[in-house]
């Protein structure tokens, strides 16, 4: 597992926005405190002390409210995430990728100093956390791409900026994985995040670095 910090102008593959079909494609794993759909955007409110992290002897919790859908084989998925109500350290919203025993989450997260940044956590099965670039606002475009077991995470503050690679890692072995959206509030009573419709292409980025 490695972290990275390089920029690239290569765009993701063409893909239209997917509606949040909660009757068929998308399913809840873990209960949110609340959720709503407004104009195609999804808002998830996390209950207090919700998180997904596995570091024995330090912090172990697995009660994250995840809205998930299946992804198969190679893919690229991205969405825009905005944390609406997050006033405490580690309040966040982001994307997750799950296999049976391995998982990743990438999120827009509040730091101890009150600022915002990109944070990635890769767990196989224990969690390895890495801090990414700082953000001026609690919003960013987040992207995950996979080819075989080779995975990478890209981010950008908005569409005017180039994508930046923040993490590469050896992903879960399964062909069928679960892509998820989440909000978390590990040390507070609640936090909310909104998500634009996910764009999903059945191909990996040609350049994952």
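Residue numbers (UniProt numbering): 1 to 209.
Ideal Cβ placement from N, Cα and C applies to all residues, glycine included.
Bear in mind the structure is a predicted one, so any value in this text is a computation, not a measurement.
Cα-Cα separation, residue i to residue j
{"i": "residue 61", "j": "residue 51", "result": "6 angstroms"}
{"i": "residue 137", "j": "residue 116", "result": "7 angstroms"}
{"i": "residue 133", "j": "residue 166", "result": "8 angstroms"}
{"i": "residue 71", "j": "residue 18", "result": "13 angstroms"}
{"i": "residue 4", "j": "residue 31", "result": "At residue 4, the pLDDT of 49 sits below 50, so the modelled position is not reliable and the matter cannot be decided from this model."}
{"i": "residue 111", "j": "residue 185", "result": "12 angstroms"}
{"i": "residue 143", "j": "residue 79", "result": "7 angstroms"}
{"i": "residue 183", "j": "residue 45", "result": "6 angstroms"}
{"i": "residue 12", "j": "residue 197", "result": "15 angstroms"}
{"i": "residue 151", "j": "residue 145", "result": "6 angstroms"}
{"i": "residue 107", "j": "residue 120", "result": "6 angstroms"}
{"i": "residue 1", "j": "residue 147", "result": "With a pLDDT of 40 at residue 1, under the threshold of 50, the modelled position of this residue cannot be trusted; read the value that follows with caution. If you take the alpha carbons of residue 1 and residue 147, they lie about 15 angstroms apart."}
{"i": "residue 195", "j": "residue 89", "result": "21 angstroms"}
{"i": "residue 33", "j": "residue 206", "result": "39 angstroms"}
{"i": "residue 176", "j": "residue 23", "result": "20 angstroms"}
{"i": "residue 158", "j": "residue 128", "result": "27 angstroms"}
{"i": "residue 74", "j": "residue 201", "result": "9 angstroms"}
{"i": "residue 94", "j": "residue 28", "result": "15 angstroms"}
Local conformation of residue i per DSSP, three classes
{"i": "residue 182", "result": "strand"}
{"i": "residue 22", "result": "coil"}
{"i": "residue 176", "result": "strand"}
{"i": "residue 1", "result": "Model confidence at residue 1 stands at a pLDDT of 40, short of 50, so the residue's coordinates are unreliable and nothing is read from them."}
{"i": "residue 210", "result": "No statement about residue 210 is possible, as the shown extent of the chain runs from 1 to 209 and does not include it."}
{"i": "residue 51", "result": "coil"}
{"i": "residue 128", "result": "strand"}
{"i": "residue 202", "result": "coil"}
{"i": "residue 294", "result": "No statement about residue 294 is possible, as the shown extent of the chain runs from 1 to 209 and does not include it."}
{"i": "residue 169", "result": "strand"}
{"i": "residue 81", "result": "strand"}
{"i": "residue 98", "result": "strand"}
One or two residues paired with residue i in a DSSP bridge
{"i": "residue 58", "result": "Answer is none; residue 58 lacks a bridge partner."}
{"i": "residue 75", "result": "146"}
{"i": "residue 195", "result": "42 and 81"}
{"i": "residue 120", "result": "106 and 130"}
Spatially closest choice to residue i from the options, by CA coordinates
{"i": "residue 131", "options": "105, 146 and 125", "result": "105"}
{"i": "residue 63", "options": "145, 39 and 48", "result": "48"}
{"i": "residue 242", "options": "204, 203, 189 and 201", "result": "The first residue shown for the chain is 1 and the last is 209, placing residue 242 beyond what the model contains."}
{"i": "residue 84", "options": "109, 75 and 65", "result": "109"}
{"i": "residue 123", "options": "21, 96 and 29", "result": "96"}
Quiz item: Is it true that the segment 166 to 180 meets the segment 95 to 102, where meeting means three or more beta-carbon pairs spaced less than 8 angstroms apart?
Solution: yes
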